[in-house]
Amino acid sequence: MHVAVMTGGLESEDLARRLLKAGHRVLACALDDESLERLAHHGRIERVSLESVPAKLSRPRVLWFATTPAREFDAALDKLEGSLAKDDTLVDSGNTFYEDDLCRAKRLERRGAFLLDAGVFKEGYRLSFAVGGDFAAFEFLRPLFESLAFRGGVCHCGGPGAGHFVRSLHERTEHLLRMAYHEARECIEASPYKVDLGFSEFLLFTQRYCKGQPCADLPLEGLAAMAAPSVTSRPD
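Residue numbers (the UniProt record's numbering): 1 to 236.
Here's what the structure looks like:
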């Protein structure tokens with residue numbers, strides 16, 4: 001598949017490396033010379049300007065934004081919007097607020113294009129994706145996500161914003177779990193009892209990790225169901 005990686009930085013470099021390793025053709029916008037040199041042994045990569053990206057990609061076009069601040073994303077969309085056509089897809093795997101996804105998806109919809117918001121879960125080198133947006137667009141790009149993800153690590157969570165919404169819930173859940181484990185340990189240490197208990201017994205992910213399954217599955221299975229009806233409309 002032909003993909004344009006749209007932003008610079010280490011996250012974009014890592015994404016480009018993974019895409020090249022998976023056999024995709026990659027255009028790079030804003031990657032510097034040092035990054036391109038490091039990527040050279042993974043395959044050929046072409047650096048292009050933002051304005052020239054639509055003309056360089058085969059259709060339907062796929063433009064992947066990684067870790068792009070909201071202001072920069074909207075500025076890039078201002079420049080690209082007039083060149084986008086039916087069935088083109090923008091993928092946003094940054095830490096975007098899900099309500100921003102709703103606005104951008106509606107904006108692209110006017111041109112027949114799509115936004116897929118991808119919440120990214122990392123465990124070492126392994127990736128999992130929680131994806132929100134048009135289901136047909138997701139199905140078209142499913143092979144792209146699956147080529148990057150650990151086996152079973154791709155989930156369509158609902159309409160625009162659902163992927164980033166699930167990601168935010170996942171981060172909140174992790175934070176609360178860390179607090180709970182820390183409090184439990186403090187309670188044990190402060191108690192008069194000598195409890196010889198390894199905390200691996202408490203970890204939700206242990207069983208699946210040992211079986212080689214992606215840890216992201218556990219929260220995704222529970223959260224994806226609630227995400228779809230929750231994020232596709234603003235509260236009254």
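Every residue gets a Cβ at the ideal spot worked out from N, C-alpha and C, and that includes glycine.
Could you tell me how far apart the beta carbons of D134 and F114 are, in whole angstroms, since I believe they sit closer than 8 angstroms?
5 angstroms
Please classify R17 as buried or exposed, where buried requires at least 16 other C-beta atoms within 10 Å of its C-beta.
buried
CA nearest to the CA of P160, picked from L116, E11, K79:
L116
V26 and V53 closer than 8 angstroms at C-beta:
no
How many angstroms separate the CA atom of R178 from the CA atom of S12?
29 angstroms
Report yes if the CB atom of D100 is closer than 8 angstroms to the CB atom of A137, and no otherwise.
no
When DSSP labels each residue in this structure, what does S128 get in the three-state scheme?
strand
Tell me whether the beta-carbon of V3 lies closer than 8 angstroms to the beta-carbon of V48.
no
Minimum C-alpha distance to K56 - residue among D33, A28, G158
A28
Give every residue of the same chain whose Cβ lies closer than 8 angstroms to the Cβ of A76, excluding the five residues on either side of it in the sequence, and list them in chain order.
M6, L50, F65, T68
Taking only the alpha-carbon atoms, compute the straight-line gap between L102 and G163 and give it to the nearest angstrom.
11 angstroms
I'd like the list of long-range same chain contacts for G124, defined as Cβ closer than 6 angstroms, with 5 residues on each side in sequence excluded.
none
Tell me whether Y209 sits in a helix, a strand or coil according to DSSP, three-state version.
Note that Y209 has pLDDT 46, beneath the 50 cutoff, so the model's placement of it is unreliable and the number below is only indicative. Helix, per DSSP.
For S58, is the classification buried or exposed, using 16 other Cβ atoms within 10 angstroms of its Cβ as the cut-off for buried?
exposed
Going by DSSP, which residues form a beta bridge with F114?
T89
At the level of alpha carbons, what is the spacing between R151 and E81?
34 angstroms
Ends of the alpha helix (DSSP H) at V53?
53-56
Which ranges does the alpha helix (DSSP H) cover as unbroken runs of at least 4 residues, wholly within the segment 120-173, from first to last along the chain?
135-148
Go ahead and pull the three-state DSSP assignment for L50.
coil
As a quick exercise: from P60, K194, T96, pick the residue whose alpha carbon is nearest that of T89.
P60
Have a look at G119 and Y193 and give me their C-alpha separation to the nearest angstrom.
42 angstroms
Give the straight-line distance between the Cα atoms of E37 and H156, rounded to the nearest whole angstrom.
35 angstroms
By DSSP, does L27 sit in helix, in strand, or in coil?
strand
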